[in-house]
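Protein sequence lines correspond, in order, to chains A and P.
Taking our numbering, the leading residue of the first sequence gets 1, the next gets one more, and so forth.
Taking our numbering, the leading residue of the second sequence gets 157, the next gets one more, and so forth.
For glycine and all other residues, C-beta sits at the position ideal for the given N, C-alpha and C.
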Amino acid sequence: MFGKYVTEAVVASAIFIVLFFIILWQVFGRTPILTGPVWTEELARWLWVWMALIGIGAVEKRDAHLRMGFLTALLPQAAQRGLSVLTDLVYLGLAGHLIWIAWKSVLRTWNYESVSLPTTDAVLYASALVAMILIVHRILRRLYGTLAGPRPEPES
Amino acid sequence: MVLASVVIGWLLLVLLNVPIGIAMIMVSMGYFYYSGLGLAFASQRMVDGLNSFPMLAVPLFILAAAILNSAGITNHLFGFARALVGRFTGGLGHVNVLASLFFSGMSGSAIADAGGLGKMEIEAMRNAGYDDEFAGSVTAASSMIGPLVPPSITMVLYGVISNTSIGKLFLGGIIPGVLCALSLMVMVYLIARKRGYPRDVVTPLPEIGRLFIKSLPELAPISTGHLGLTKEA
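Shown next, in the form of structure tokens:
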């Protein structure tokens, strides 16, 4: 959708730009000259949560998680691929379960009104739901790429 | 026993090339499944853990470091550090450490330090005849000063999680950060003397003063957390 850019990273960056100006407003609003609106603090926190959780999708796409690969690098390529698929399958199961848990959180918080924003807390907790859906989408694409990728050369 | 299993399980997963964060999620969820505590609030806790105002300082400090890097401000810091300590045996090694100490007063992240200053430092050291291994090691070791000297992202996270005063944590990090830098400089000096690494010519005092004034805007905004973390960021 955004050419060479990762969609999640673009969305997270856009949220960060809004967040930056909200914080500026909030910080300068605290000075004795001005009276900052109360809602800016809560909105800034919510935007940060959304930005951070959506950003995980971009990390998944770039496979940029911190990891220690020095031991598995010694394994044959086929074993490395098998291990990667196994890890992704377990991760997929956990993320899938977290989607269900996040959905229940959204339902649970639907009737709780936000302190200063004209909405419910469910909007905040929906961030985890959206993030998990994006993560599952990225894992599925990675799994497809790994399984459909070129087969390793048979070892002599 | 359960705790040991969790730690061993996590280590095993990390050694199997599972991303560190995901390994943490896996063992935590495994523990909750095993103990029957359930995971009904897992996603809610994930969101609540992030939903904190001081935490907003983290992206802002990263943004500040990125802006400083893009604006070429790291060049000024490097130049000033070179004028100050480049004259000693193993000069560029000392410059590497001192520039990291200066930069740590702005970024709070070891990765930002290594990514921002590292390339320039390693190139300068390589051109001056330092071994790649030495240049890389000094850069990696000196970047670790970043999380010690305020503002420190690690301290922000620790302060938020443990409900500890971030201002006090910041103040507590200054002396260890400076000691760490001094120890590294001693080590650089000893190795440089043994291997015969070069030193720069002495920079005249007026030139040091000029470079100091040029670097002042970058050196000034060192954070202590006392103005309010997000405000400082």
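Using a CB distance cut-off of 8 Å, A52 of chain A counts as an interface residue toward chain P.
Counting only Cβ-Cβ distances below 7 Å, I347 of chain P has no contacts in chain A at all, with the closest Cβ about 25 Å away. Beta-bridge annotation (DSSP): E113 of chain A is paired with A:T120. For P306 of chain P, the three-state secondary structure derived from DSSP is coil. Rounded to whole angstroms, the gap between the alpha carbons of T146 of chain A and V358 of chain P is 57 Å. Considering only P:V294, P:L159 and P:R282, the residue with the shortest C-alpha distance to S339 of chain P is P:V294. Counting along the chain, I301 of chain P sits inside no alpha helix (DSSP H), nor does DSSP assign it H or E at all. Under the 8 Å Cβ criterion, the region 254-267 of chain P counts as touching the region 286-305 of chain P, having at least three qualifying pairs. For the pair of segments examined, the region 129-147 of chain A was found to touch the region 86-101 of chain A: the number of CB pairs separated by less than 8 Å reaches three. Under the three-state reduction of DSSP, K275 of chain P is assigned to helix. Residue-level contact check: L254 of chain P does not touch chain A, since none of the beta carbons of chain A fall below 8 Å from its beta carbon. The three-state reading of DSSP puts T87 of chain A in helix, counting H, G and I together. Per DSSP, D204 of chain P is one residue of the alpha helix (DSSP H) stretching across A198 to L206. Under the Cβ distance rule, N231 of chain P does not count among the residues neighbouring chain A, no pair being separated by less than 8 Å. The three-state secondary structure of Y353 of chain P, taken from DSSP, is coil. Flagged as an interface residue toward chain P: W48 of chain A, by a C-beta distance shorter than 8 Å.
At least one beta carbon of chain A lies nearer than 8 Å to the beta carbon of N207 of chain P. With 16 or more other Cβ atoms from the protein chains shown falling within 10 Å of its own Cβ, R67 of chain A counts as buried. Short of 7 Å from the beta carbon of L19 of chain A, and not among the five residues preceding or following it, lie these beta carbons of its own chain, in chain order: A44, L47, W48 and M51. The three-state reading of DSSP puts Y345 of chain P in helix, counting H, G and I together.
Here the alpha carbons of R243 of chain P and A160 of chain P stand approximately 51 Å from one another. Under the three-state reduction of DSSP output, R238 of chain P falls in the helix class. Residues of the same chain with a CB within less than 8 Å of the CB of S208 of chain P, apart from the 5 flanking positions on each side, are V316 in chain order. Just so you know, the alpha carbons of I181 of chain P and K61 of chain A end up roughly 19 Å apart. Straight-line spacing of the CA atoms in G57 of chain A and Y91 of chain A works out to 13 Å. For I22 of chain A, same chain residues with a beta-carbon under 7 Å away, outside a window of 5 residues either side, are T40, L43, A44 and L47 in chain order. Going by DSSP, P76 of chain A is part of no alpha helix (DSSP H) at all; its letter is neither H nor E. Contact between A79 of chain A and A102 of chain A is ruled out by a C-beta separation of about 34 Å, above the 8 Å threshold.
In terms of Cβ geometry, A268 of chain P and A213 of chain P do not form a close pair [threshold 8 Å]. Taking 8 Å as the upper bound for CB-CB distance, G261 of chain P and V305 of chain P are in contact here, some 6 Å apart. Non-local C-beta neighbours of E113 of chain A in its own chain, meaning closer than 7 Å and more than five positions away in sequence, comprise T120, ordered along the chain. Spanning the alpha carbons of V123 of chain A and F16 of chain A requires a straight line of approximately 17 Å. Using a 10 angstroms sphere on the CB of F70 of chain A, the tally of other CB atoms stays under 16, which defines it as exposed.
Here the alpha carbon of A297 of chain P sits roughly 34 Å from the alpha carbon of M185 of chain P. If you ignore the 5 residues before and after V27 of chain A, its C-beta comes within less than 7 Å of no other C-beta in its own chain. A direct Cα-Cα distance of roughly 15 Å separates A73 of chain A from V85 of chain A.
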